[in-house]
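Numbering (the working numbering), first residue to last: 777 to 975.
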């Protein structure tokens with residue numbers, strides 16, 4: 777599955793650059809959104825069809841929040857470490873890390889807070905996180921365990937990477953992934969300005 781994903785991305789880049797006219801490329805956002813909604817709808821049907829799943833989730837209780845908590849800590853530490861390596865101020869490294877993969881929001885927020893360069897760095901770091909996640913999901917699910925496939929996805933585990941997580945794992949993990957995405961997505965608009973303005 778990983779090879780198919782990588783090949784699809786490369787073929788898509790080639791088509792966008794060499795084959796498709798700019799008018800078609802500019803309307804890809806709408807096509808992508810519709811396709812994503814259909815995929816999420818189908819994942820929802822799969823999850824809803826598993827009656828035992830919701831009983832199992834009730835048993836887990838607050839343990840479901842361990843993955844988002846770990847995702848927050850890992851992303852912030854990563855932002856802090858990489859920011860230090862590149863001699864960035866601590867607040868910028870933390871605010872970029874608190875984008876949790878939501879490139880469209882965190883990039884815009886940090887552009888307004890810290891300027892074009894910081895916005896571009898936030899945008900690109902979160903885009904690369906999502907691309908790397910797409911490649912890693914099947915590998916992590918197979919080599920480690922199903923739940924480790926959720927963490928790299930960050931906020932995208934409730935939308936763009938949810939179908940991949942569901943395919944590489946199972947319905948229970950897909951529900952946990954969705955919860956993880958909801959929690960992290962809710963934190964992005966709070967933590968990005970908080971960390972930027974804290975120091």
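Virtual Cβ for every residue (Gly too), placed ideally from N, Cα, C. Predicted, not measured: the structure shown is a model, and the values here were computed from it.
Test item: CB-CB of residue i and residue j under 8 Å
i, j, result
"residue 889", "residue 969", "yes"
"residue 840", "residue 952", "yes"
"residue 911", "residue 956", "no"
"residue 897", "residue 857", "no"
"residue 794", "residue 867", "no"
"residue 965", "residue 881", "yes"
"residue 869", "residue 855", "yes"
Cβ-based neighbour list, residue i, same chain, cut-off 6 Å, excluding 5 preceding and 5 following
i, result
"residue 909", "928, 929, 937"
"residue 924", "916"
With 16 other Cβ atoms within 10 Å as the buried cut-off, status of residue i
i, result
"residue 975", "exposed"
"residue 934", "buried"
"residue 883", "buried"
"residue 902", "buried"
"residue 807", "exposed"
"residue 959", "buried"
"residue 885", "buried"
"residue 945", "buried"
"residue 788", "exposed"
"residue 851", "buried"
"residue 907", "exposed"
"residue 899", "buried"
Residues near residue i in its chain [Cβ-Cβ closer than 7 Å; skip 5 each side]
i, result
"residue 941", "913, 925, 926, 929, 933, 949, 950, 953"
"residue 843", "923, 926, 927, 952, 956"
Sequence-distant residues of the same chain with beta carbon closer than 8 Å to residue i, five excluded per side
i, result
"residue 750", "Given a span of 777 to 975 for the chain in the structure shown, any question on residue 750 remains unanswerable."
Would you call the stretch 876–885 in contact with the stretch 861–868, where contact means no fewer than 3 C-beta pairs closer than 8 Å? no
Please give the ranges of any alpha helix (DSSP H) in the stretch 874–958, keeping only runs that are unbroken, at least 4 residues long and fully inside the region. 879–890, 892–919, 938–944
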